[in-house]
Amino acid sequence: MYPEVKDEKNRNGVISDDFGAAQKKYSKSSLYKDAWKRLKKNKLAMLGLGIVIVLILIAIFAPLISTHDPISRIKEDSSLPPNKAHFFGTDLLGRDIFSRVIYGSRISIQVGIIAVGISIVIGLFFGALAGYFGSLPDTIIMRIADIFFAFPYILGAIAIMTVLGQGIVNIFIAIGVLGWASFARIFRGSILSIKNKEYIEAARAMGASHRRIITRHIFPNAIAPIIVFGTMNVGTAIIVEAALSFLGIGVQPPTPAWGKMLSESLSYIDIAPWMMLFPGFAIVITVLGFVLLGDGLRDAFDPKMKNR
Amino acid sequence: MLFYIFRRILQVIPVIIGVTIILFIILYIIPEDPARLILQKGATEQALANLRAKMGIDKPVYVQYWRYITQLARGDLGDSYRYRRSVNSILADHYPNSVKLALSAIGIEIVIGILAGIISAVKKYSFWDMLVTISTTLAVCVPVFWFGMIMQVIFGLKLGILPMSGMGDGSIQYYILPSITLASVSTAYVARMMRSSMLEVISNDYITTAYAKGLSPSRVIGKHALKNAMIPVVTLIGLDLGALMGGAILTETIFSWPGVGRVIYLAILQRDAPVVIGGTLILVLIFVFMNLVVDILYAWLDPRIRYQKKEINV
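These protein sequence lines are chains A and B, in that order.
Sequence positions in the first sequence follow our numbering and run 1 to 308.
Sequence positions in the second sequence follow our numbering and run 1001 to 1314.
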């Protein structure tokens, strides 16, 4: 039930600010509350959420969890298989793989969240311009998006990293810049589907500015697909970062990154196979967490999609 | 139909121009001096200046872009900084190997992906459906390079039944591991798409009618449902040929496969920008071309597409 309306004017059919705010608050909380209720019932999505939360905690508390310094080399401990002192063994330089995997989560989580954050910010801005204003801005922005779609993700990231050089900030930029087009297209689509609805027309008729209409009226109603796609895209960004580091154009050594650890293990597959096992599992579990959560969010926001 | 094809081709032209501009900017702002890379240490300033003038890199940026684009129009991708050879000839040597690998990966994608998707849909909620759902979910989470390494350890190192890397004499055994690795993620997507498309089709009335007529399940699925369920899957597979060529860089690197992807990887390590950019351009153009072909085929198969697009003008 809506809260009781005390404003006298409402009896004459005029909606007061208080009433409008209360109504908006009610409907907004209802959408997200319903989605959260459905999400909670989805066991796989909860598993995904659990994995993501644990990983974020591991990344934050890496110095407390790790057993060794991830960078320091102990010559006499070189290429040890998993044992009590080194849970995941050591690499050829005598570095503890467990500690490197723990610290590696920092890079992956950072890249996943920040790079996708950059894509979302750029994508929302241009998607809003294209979808809301239409005509020329729409044509120009969507044709530029087509150019970005023409680059396969890995290949585009390689081309950008060749210019920018190694480094985590450059990875944020490369992956972030490449991903904007998908978000722009999704947000544009959402805007097109709601921009002519009655409540938007009502806001326009009341004299609301373009900025206010986009940020206060369109944005809250069009953000659900962005949340879903963004969550799924974090997994993709983590894999692309690992691929760049694997190819030697990602994170600079000796910083521990899972992709880099895999490339270092490539030459020693036959003598130290554990070197490649644990960083690989770490990537799979992390990506799986975001994929399950993304799938769950999609079903939660749009129950019709379930079982597709 | 002709109007639709013409319009789609027109839409591709600005994309290609945009791609060349982006790649040119990348080539232009690479911090290293190409003259120093070619002549290496010990070159005199005069020799460097002469080479810069010969290459035209001392000219203003618009002159350089014009030179680059006219070269491209003639099909010339420039010269490698390292090998003193044209990028065209380097890519031409390795291109057929990448195509062969991509085609064998597509073969795996078609056979395993479609079959798994059909079984999963027809036997919904069974053990097989669960198996396909779990394995396809996991497959999209596994980085291809790690999957390839695991395959190398199991089949090359431990069991010793397949070669671990290289193309050898080009016999089929050398293709097995790289093709499966390259196809892994795409096969999962095809299986998922096939399942969802098949589920949608078999819920239609005409399928119920076919069963009511007394047709066998294999005939209903194989003859009536499959054709309609295949349309989105065929599109996905068509688009994938271009994507596989672009994505082959990781697979080719792990398996030392002598394709365009590995050439690009080695060129990155040697900071040989014309080869990286030329190789990337070719792979992007293939991707764009495949998208165009699939769009046109799709519009030909389903006339609603071309009319719908005309109306909405997306």
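All C-beta atoms, glycine included, are put in the ideal place defined by N, C-alpha and C.
Over what stretch of residues does the alpha helix (DSSP H) that includes Ile1286/B continue unbroken?
-> From DSSP, the alpha helix (DSSP H) with Ile1286/B extends over 1273-1301.
Out of Phe290/A, Met275/A, Asp295/A, Leu292/A, state which residue places its alpha-carbon closest to the alpha-carbon of Met1149/B.
-> With distances taken between CA atoms, Met1149/B lies nearest to Met275/A out of Phe290/A, Met275/A, Asp295/A, Leu292/A.
Kindly confirm or deny that the stretch 293-303 of chain A and the stretch 1160-1177 of chain B touch, where touching means at least three C-beta pairs closer than 8 Å.
-> Output reads no: the stretch 1160-1177 of chain B does not touch the stretch 293-303 of chain A.
Under a three-way DSSP split, which group does Asp77/A fall into?
-> In the three-state reduction of the DSSP assignment, Asp77/A falls in the helix class.
For chain B, find out if any of its Cβ atoms is closer than 8 Å to the Cβ of Thr162/A; answer yes or no.
-> Thr162/A counts as touching chain B.
In the DSSP assignment, find the unbroken alpha helix (DSSP H) run with Arg188/A in it and report its ends.
-> Element bounds for Arg188/A: 168-194.
Below-8 Å beta-carbon distance, Leu1215/B vs any chain A residue | Not a single C-beta of chain A is nearer than 8 Å to the C-beta of Leu1215/B.
Mapping DSSP to helix, strand and coil, what is Asn307/A?
-> Low confidence applies here, because Asn307/A scores a pLDDT of 47, under 50, leaving its location unreliable and the question unanswered by this model.
Just mark Gly1075/B as buried or exposed, buried being the case when its beta carbon has 16 or more other beta carbons within 10 Å.
-> In summary, Gly1075/B is exposed, with fewer than 16 beta-carbon neighbours lying within 10 Å of its beta-carbon over all protein chains present.
How is Thr162/A classed by DSSP in three states: helix, strand or coil?
-> In the three-state scheme derived from DSSP, where H, G and I count as helix and E and B as strand, Thr162/A is classed as helix.
Report yes or no: do the stretch 1133-1146 of chain B and the stretch 1184-1191 of chain B share at least 3 C-beta pairs separated by less than 8 Å?
-> Contact between the stretch 1133-1146 of chain B and the stretch 1184-1191 of chain B is present, because at least three Cβ pairs lie under 8 Å.
For my contact list, Leu1244/B and Leu1182/B are in at a C-beta cut-off of 8 Å; report their separation, rounded to the angstrom.
-> About 6 Å separates the CB atoms of Leu1244/B and Leu1182/B; that is less than 8 Å, so the two are in contact.
Exposed or buried, what is Glu264/A when buried is set at 16 or more other beta-carbons lying within 10 Å of its beta-carbon?
-> Buried: at least 16 other Cβ atoms inside 10 Å.
Who are the neighbours of Thr1137/B on chain A, taking C-beta pairs under 9 Å?
-> Residues of chain A whose Cβ lies closer than 9 Å to the Cβ of Thr1137/B are, in chain order, Leu44, Leu288, Val291, Leu292, Asp295.
Who are the near neighbours of Gly235/A in its chain, counting only those whose CB is closer than 6 Å to its CB and skipping five residues on each side?
-> Val287, Phe290, Val291, listed in sequence order.
Tell me whether His210/A is buried or exposed, calling it buried when 16 or more other Cβ atoms sit within 10 Å of its Cβ.
-> His210/A comes out exposed.
Ends of the alpha helix (DSSP H) at Leu93/A?
-> It is not in any alpha helix (DSSP H) - Leu93/A carries neither H nor E in the DSSP assignment.
Residues, ordered as in the chain, of the stretch 138-166 of chain A that lie near chain B by beta-carbon distance below 9 Å | Residues Met142, Arg143, Ile144, Asp146, Ile147, Phe148, Phe149, Ala150, Phe151, Pro152, Tyr153, Ile154, Leu155, Gly156, Ile158, Ala159, Ile160, Met161, Thr162, Val163, Gly165.
Leu1101/B and Ala1212/B: beta carbons closer than 8 Å?
-> In terms of Cβ geometry, Leu1101/B and Ala1212/B do not form a close pair [threshold 8 Å].
From this set, Gly1168/B, Leu1297/B, Ser1089/B, which residue's C-alpha is nearest Pro1232/B's C-alpha?
-> Closest by alpha carbon: Leu1297/B.
Taking a Cβ distance cut-off of 9 Å, strictly less, list which residues of the stretch 1126-1151 of chain B are near chain A, in chain order.
-> Correct list: Thr1137, Leu1138, Val1140, Cys1141, Val1142, Pro1143, Val1144, Phe1145, Trp1146, Phe1147, Met1149, Ile1150.
Could you list which residues in chain A have their beta carbon closer than 8 Å to that of Leu1250/B, in chain order?
-> Ile154, Ala243, Phe246, Leu247, listed in chain order.
Closer than 7 Å at the beta carbon, the chain A residues around Gly1247/B = Chain A residues near Gly1247/B: Pro152, Ile154.
For Leu1051/B, the nearest candidate out of Leu1039/B, Met1001/B, Ser1080/B, Phe1003/B (CA to CA) = Out of Leu1039/B, Met1001/B, Ser1080/B, Phe1003/B, Leu1039/B has the C-alpha closest to the C-alpha of Leu1051/B.
Where do the ends of the alpha helix (DSSP H) carrying Thr1137/B lie?
-> First-last of the alpha helix (DSSP H) with Thr1137/B: 1127-1139.
Burial state of Ile1221/B, where buried means 16 or more other Cβ atoms lie within 10 Å = So Ile1221/B ends up on the buried side.
Any C-beta of chain A under 8 Å from that of Ile1202/B | Interface flag for Ile1202/B against chain A is unset, since no Cβ pair is found closer than 8 Å.
Are the beta-carbon atoms belonging to Phe187/A and Gly127/A less than 8 Å from one another?
-> Yes, they are a contact pair.
Minimum length 4: unbroken alpha helix (DSSP H) runs contained in the stretch 1059-1119 of chain B | With a minimum length of 4 residues, the continuous alpha helix (DSSP H) runs that stay inside the stretch 1059-1119 of chain B are 1061-1073, 1087-1108.
Looking at C-alpha atoms only, which residue of Ile1207/B, Ile1119/B, Phe1127/B, Val1275/B is the closest neighbour of His1094/B?
-> Residue Val1275/B is the option with its Cα nearest to His1094/B.
Is there a Cβ from chain B that is less than 8 Å from the Cβ of Val101/A?
-> Chain B contact via Cβ: absent.
Work out the CA separation of Phe149/A and Val1012/B for me, nearest whole Å.
-> When rounded, the distance between both Cα atoms is 12 Å.
C-beta neighbour in chain B for Leu47/A, strict 8 Å = No - not a single Cβ of chain B is within 8 Å of the one on Leu47/A.
Show which residues of chain A have a CB atom less than 8 Å away from the CB atom of Ala1273/B.
-> Against chain A, the beta carbon of Ala1273/B has neighbours under 8 Å at Thr162, listed in chain order.
Taking only beta carbons into account, state which residues of the stretch 223-239 of chain A come closer than 8 Å to chain B, listed in chain order.
-> If the cut-off is 8 Å between Cβ atoms, the stretch 223-239 of chain A has Gly235, Ile239 near chain B.
Determine, using beta carbons only, whether Pro1258/B comes closer than 8 Å to chain A.
-> Not a single C-beta of chain A is nearer than 8 Å to the C-beta of Pro1258/B.
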